[in-house]
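Protein sequences, first through last, are from chains E and V.
For what it's worth, the working numbering labels the leading residue of the first sequence as 8, then goes sequentially.
For what it's worth, the working numbering labels the leading residue of the second sequence as 482, then goes sequentially.
Okay, so here's the structure we're looking at.
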Amino acid sequence: FREIPLPVTSSILPHVYNNVSGKVVDGQGKPVPGVTVAVKGTSVGTTTDEQGNFRISVNAQQVIVFSYIGYKNQEIIYTGQTTLTVTLESGSTTLNEIVTVGYQTQRKVDLTGAVSVVSVNNLKNASTPNPIQALQGQVPGLFITTSGDPSGAATVRIRGVNTLNNNDPLYIIDGVPTKSSAFQILNAEDIESIQVLKDASSAAIYGARSSNGVIIVTTKQANVSKTVVNFSSRFTTSKYTTAPKVLNTEERARIQWQATINDGLNPDNIPYVKYDWSRNPDGTATLHGLTIPAELAPGVPSANTNWFDEISRSGFIQEYNLSLASGSKNGGAYMSVGYMKDNYIEKFKDFQKLSLRINSHHRFLNGKVKIGENLSITNGINNGDASTSSFADALQIQPVLPVRLPNGAYSGPINGNFVDHPNPLMALDLNQWDQINALNIFGNVYANVYVTKNLTINASLGAENANTTVRDIQRKFSTGFISRTINSLKNSKSTEFNWNFNTTIQYNLEAQQHHVTFLVGTEAVKNNYRVNSTYKENFALETLDYFVESAGSGNQTVSGNANSSALLSYFGKVNYSFDNRYLISALLRYDGSSRFGKNNRFGTFPAVSAGWRISEESFMKDRVAFISDLKLRGGWGTTGNQEIPNTARWGLFETYYGLGAMPFTSDNGTAYDIAGADSGPLASGFRQIQIGNDNLRWESTTERNIGLDFGLFDQHLTGSFDLFKRSTKDILISPAYLAVQGEGGTRFVNGASVETKGFEAALSYQNKLGEFSYTVTGNIGHYSDRITNLPANVVHSYPGNSEQTILGRSMNSIFGYVADGLFKTQDEVDKSAVQPGKGIGRIRYADLNGDGVINTLDQRYLGISSPQYSYGLNLQGAYKRFSISIFLQGVAGISVYNERKRFSDFTDLWAGTNYGRRTLDAWSPSNPNSTIPAVTLSDNNNEGRLSSYFIENGGYLKLREVSIGYRLPLKKMEPVRLYVTGQNLLTFKDRSFTAPDPEDPGYGFPRPRKIIFGFNVSF
Amino acid sequence: CSKFLNEPPKGMVGADDLNTPENVDKLVVAAYASLGNDHWEVPYTSGWVFGSVRSDDAYKGGLGTADQGEFTQYEVFSTIQENQSRGNLLWTRLFMGVQRANLALKGLAKMNEGIFPQLKNRQAEARFLRGHFYFLLKEHFKKVPFIDESMKDDDINKVSNVQYTNDEQWNKIAADFQFAADNLPVQEEQRGRPGSFTAKAYLAKVRLYQAYEQDEKNNVVNINKEKLNQVVDLTTQVINSGRFGLSDDYAKNYLWQFENNRESIFAVQRSLNDGSEVGRIDMSTALNYPMYPAYGCCSFHRPSQNLVNAFQTGNDGLPLFETFNNAEMKDSADFQDHSFDPRIDHTVGLPSHPFKYQNKIIYRTETWTRGPELYGPFSGMKTVVQADCPCLTTAKGYAYPASSMNNDVLKLDDVILWKAEALIELGRQDEALDLINSVRQRAMNSTGMLKDANGKPYSKYVVALYKPGININWTQATARQALQWERRLEFGMEGYRFFDLVRWGIAAEVLNKYFDVESKRRSYLKIGHFAKNRDEYLPIPTQQIDLSDGVYKQNAGW
């Protein structure tokens, strides 16, 4: 049982450094090529050559790790040998792995909580600016939802949802907590290890902010005398593959005619199109042909534009990473620089990220004091409109419009028959100077003092400075009825500055078979946020360089805001183990937050957990041969959540002079032209925005976890299983309030309760067949949540009606009408319940309560929009110099509201747009088996209502990644690794799901298919 | 460590910080600001949705029935749900206005005239504003909970919407206006504030609505003579005050350059270039511009065929009371071949006519409107400003034009016709004749701006005064018909029509007859049906009934 203080280091001093060479052989004495040889806790590493030989720089007392698929990891403490011969045993072991948990490190084998260790190697082939995104499907119980957003946004949920608030986990990067910017800060190349603390017994050490779980990231350190340089690069082509299938000009005109006929209207009134049609004796109509005029308006030719082709392009991503690690007995430094640029699959948009890291440390006083720093500077730049994808606009614009007019100008909606959205290509073009520039400086300085062999004092001062500037340039244009006659520039700059200071004291006690570790500590966190923005109109030139505030000559406004918060904490932890068999851990955290009322400012978060290593018992050890490792774990703990606004507890008024943008909803201004002057400065008053609550307190989550870790057949088969149940109470909510309370009746209270249950399992099998070694790793996670308590006045803020409420159901429940097929005959129409707008070819809604009327009471819960099961499967193999990895990921048990169906199946839910190709197969007397409602221009039947018509099975299995690698042998140099990776290659989805990608049923950023070529050089 | 955790809010104040004369005065300003804080999602400054689209005056318009689709439900009535979000939002937004007035009154109660000399004026203004929001609540929702400045948060939650009878509720509203009338100066301090006659005019409106007594099922069961006499008295005071007068040209009521003219008694003041980024502009009607490039978007609030037909006149210059709707007046030639009241060209954009008095800008159905196959060929003009108006802002939110033109709440022509209405219902129709004719005379005189570049009138205008014994037999019945018709023409598309019909107790008859004929012209109206004894009022939003824990009672029929 070994506890090692943070940051990862050995407390024994390095006095000798050397270059050691050696050979790795298997049990039969045959050389093993391709074995990873690494110095633990550093970026130093190599692989064995064809003859199994290696050469590496290492300090005395450092640990060399030998790992290869199909073999047990072997760790050797270097004691000054000049040559080493290492024999690898087949099987695998990760038992002695050291992992970072709260404020300390622990052997994995000694863990008593639910902690997952991420295989960082699996992140190396992917092309994404956000390494967290690459964890999707890799860790049981970690549910990650990604989008195709080039900046790499992802939603991360540990064990599902837990609160009605923010469900994002807490990130600890090199000991510094952050809630928000982990995505932007990290560069995959710099990551040494990632641990996920899933249950309360492991996460509670982070107290008030840990109820959604904790992700701990440790970055690389230098620790050798030799200088190691690593260079890697990747080139990726990306392709848009999930465009919806839409109508062309002629087809849309035909559908428009059909809809007009269906509605009993005269198609001759349809603008532009000349129809050759006739009315049959039986009242039906026949379309003989149609003509689209050459010109829609003077100077505007008609066209047949595929807008998806027009706005998309083949994307290209380039990535370069260079790192350098160098050290001596008195310290060392790791430096890295990375650059990536993604020319996104939408035209005029790109994303760039530059990352810089310097981690260094120095030792003093014979190694008794270690002082170091970790610093990362990242700059992510989004050019073009980063807020949304243009693909929704491309769906809304009709194919009959040309992209450009003969004079070269962009076309646009020329009159009222078109949606009031601009030409999407023009919008992309005009927005190309818009920029979001996120500069993050993140890091800490720390000191470790090894007072005695057993007593260590650690201190860390961390800071995070997130600066985001947003530039929004609106240029003039005029297309059809849409124009902008005044150009403008808006610059806003937000700064978030957080600092955090923590100190811990750790004491280790070993007496015979008893091992005890004590840890006590304090932590203080301050958080300051400020945003300022300026707005100016009227620029004489429209060049990027001219758009600075002083160059404008028109209306100008400024605005700004600020808020802040603080946290102060005390914590302690005791770990005890007896004879490597019985493990107990107990901890307590006491947190105070500025967000809470004076009456309940501090919260207490306890946790206990225990483990029993059954395989170490005498009745098992060496007696039950096939069991190599078996541990039973159990834990209980309470964690907190404080994700409410910094000002939530205060009763507040504010002045609100006027809006900062063209409003799309009601205004709440307090300024008024009381003098009737029509312009000039206004008098402005105050409005109430919130009612205070001095009793506000922590939301707390109590979790029970029971787990089993096992290794069988000499660790060929390893796995773990965890079962958990957690209940969250005092959830911070701001309930809906009676409208008579007026404005600002918002009041945060501790109200609701939620319960989540689930399990996670991971299983891994490693073995070899001749020279082919392989690993199969699978994981699955399941959770279900239900709301167990809600204040009466909050219940109706969630899906439900006066008879059915969300209580006892998942917070992600979908509630709506049941679409019971289409009316096919007048008889069916006549006999059905009262349903205004019903008719032949229209959706019949089920009369669930049988009262003969379709109304709000005829709704029920239709499904849950979060997955019940999430799983991943990794297949890895190696043969001589070749390696292959295949990664599949999927979700099951998820109902998706397919928003795209509003366009793909309907012509009336937004007139003036283009429609989906499915409308060609809409119901008609001659197509009586269609399940798609007859086309119409007016939604008299209110078919846009939330109904089962739009709810589809969103389960999928995706072939996320296939990667093939080859190690190129080079003389006098480490092998160069070359690889090719394909991402987002195949999607298997339910037949009933009608849009291309169940992960994107709306209009998010599409996920491109990517082909990646990469290489790695190290010397 | 408690110091370490002390992080007070920035840029905001607590209630106690507001107890100074300057800041209390600003609370009154904030209450005024509420007047104009509406938006197309629930317009209340303009009654285009709930007063006009719900009547026989107008269709919702826009790009198909699903565009702002909830308004279609209000338009056809048959598909309205009790929990519709827009209905709930309307209720909510109006109570925000009530609360701002109450917050101001609460602050004012802590002042005295020694430190705040305008105390009484401001109290009167705050009560005027509260009365205004309650009037809107009352005409939309009927059963309304009454909250005043003395109540604490917990008390407010217990107030029922049936604590007072219908009549008592009107009296509560009347009391606010009476207080305002008694305490406001004759000459308003600033144009945006009311004077005492403003309050009297609003009080007259309250008494007029109150006079038509309704039973629980919204049937008009009695017309209260005492209240009518109060209407006559109050309107006479306003008309004779010398502070107001009819504009010489009807057009001036709908042009920005003439806003705050003598005819305007109370208006929501709008502004542009006022230091805010977009201006405190009129967003309530921002969707109602046609798709002409100088405007932009979105072709909502479209005059019905029925309304256009109603402007027809006979050879005698009087409305075609019986036959107006027999034929559709829709083509350019129809407006030359038949005769019309000139107010049609002030109200409706007609095919090939100059639009909004702009002889160079000719209205074209096919390119200016959306979905003419659904919503017919016409566009509304009254809330649309001229294309070159400095008050028009299209620049920033490119597709959504809006202007700083005020929204009139009370106008003298309205007051004149209330007086006429009260006199007729009192059986004094002879005294009403001159009042109605004064409005018609002004309409007759308002053709100066309705001539094209060659001086030719846009349409054939034939309009005459009512001359008893000559062109009309002036009885209470005919006078009532003339009054009702006059209101429709004078205030067409202004959002009063639905509330007039409900006040008169004829909404079901008029609207179901309208649906019968109009649905043959506009197929989407096939599901239109006004449920008598229900649709006179919007349902109390289910959301509010649920939150009140059943303290609120639903309106009849829902």
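Built from N, CA and C at the ideal position, the CB exists for glycine as well.
- In the three-state reduction of the DSSP assignment, V:E854 falls in the helix class, which pools H, G and I.
- Around the beta-carbon of E:G87, fewer than 16 other beta-carbon atoms lie within 10 Å, marking it exposed.
- Sequence-distant Cβ neighbours of E:L916 in its own chain, meaning closer than 8 Å and more than five residues away, are R909, F910, D946, E950 and G951.
- Any Cβ of chain V closer than 9 Å to the Cβ of E:Q748 would place that residue at the interface, and such an atom is present.
- Residue environment analysis places E:I84 among the exposed positions, since fewer than 16 neighbouring C-beta atoms fall within 10 angstroms of its C-beta.
- Contact annotation: E:I262 and E:Y279 have beta-carbon atoms that are not nearer than 9 Å.
- Your pair V:L891 and V:N918 does not check out as a contact, with CB atoms roughly 22 Å apart and the cut at 8 Å.
- In the three-state reduction of the DSSP assignment, V:Q711 falls in the helix class.
- For the stretch 720-739 of chain V, the set of residues with a beta-carbon nearer than 7 Å to any beta-carbon of chain E is empty.
- When the beta-carbon positions are compared, V:Q604 and V:L589 come within less than 9 Å of each other.
- Of the residues V:P832, V:E1017 and V:G795, the one whose Cα lies closest to the Cα of V:N699 is V:E1017.
- E:P308 and E:D674 have their C-alpha atoms some 41 Å from each other.
- Look at the beta carbons and you see the stretch 860-878 of chain E touching the stretch 545-565 of chain V: at least three pairs across the two are nearer than 8 Å.
- Less than 9 Å separates the beta-carbon of E:Y178 from that of E:A189.
- Per DSSP, E:S635 has no beta bridge partner at all.
- Exposure of E:M627 is indicated by the presence of fewer than 16 other C-beta atoms within 10 angstroms of its C-beta.
- Contact between E:S791 and E:T725 does not hold, since the beta-carbon distance rounds to 27 Å and is not under 8 Å.
- Taking 9 Å as the threshold, the shortest C-beta distance from V:Y615 to chain E does not fall below it.
- Between the stretch 695-702 of chain E and the stretch 611-625 of chain E, the count of C-beta pairs closer than 8 Å stays below three; the two stretches do not touch.
- Along the length of the stretch 139-221 of chain E, whole alpha helix (DSSP H) runs at least 4 residues long occupy 189-192 and 207-210, reported in chain order.
- Rounded to the nearest whole angstrom, the C-alpha separation of E:A885 and E:P40 is 10 Å.
- V:K624 has a beta carbon lying at 9 Å or more from every beta carbon in chain E.
- Interface criterion not met: the Cβ of V:E971 is under 9 Å from no Cβ in chain E.
- For a Cβ distance threshold of 7 Å, residue set K491 and G492 of chain V lies close to E:A569, ordered along the chain.
- Using a CB distance cut-off of 9 Å, V:N638 counts as an interface residue toward chain E.
- The Cβ-Cβ distance between E:T988 and E:R925 does not fall below 9 Å.
- Under DSSP, the beta-bridge partners assigned to E:P613 are E:L595.
- When 9 Å is used as the limit between beta carbons, V:T501 is near no residue of chain E, the shortest such separation being about 12 Å.
- Per DSSP, the beta-bridge partners of E:W619 are E:Y589 and E:L639.
- DSSP places E:I105 in the uninterrupted beta strand (DSSP E) bounded by I105 to V108.
- Taking 9 Å as the cut-off, the Cβ atoms of E:Y247 and E:I352 count as close.
- Between the alpha carbons of V:S1029 and E:S804 lies a gap of roughly 14 Å.
- Using a Cβ-Cβ distance cut-off of 8 Å, the stretch 958-977 of chain E and the stretch 919-934 of chain E are not in contact, since fewer than three pairs of beta carbons, one from each stretch, lie closer than that value.
- For E:R630, the number of other beta carbons within 10 angstroms of its own is below 16, and it is reported as exposed.
- Shown in chain order are the members of the stretch 274-297 of chain E whose Cβ falls below 8 Å from a Cβ of chain V: N276, I277 and P278.
- The beta carbon of E:V898 is closer than 7 Å to those of P874, Y876, S877, G962 and Y963 in its chain, skipping five residues each way along the sequence.
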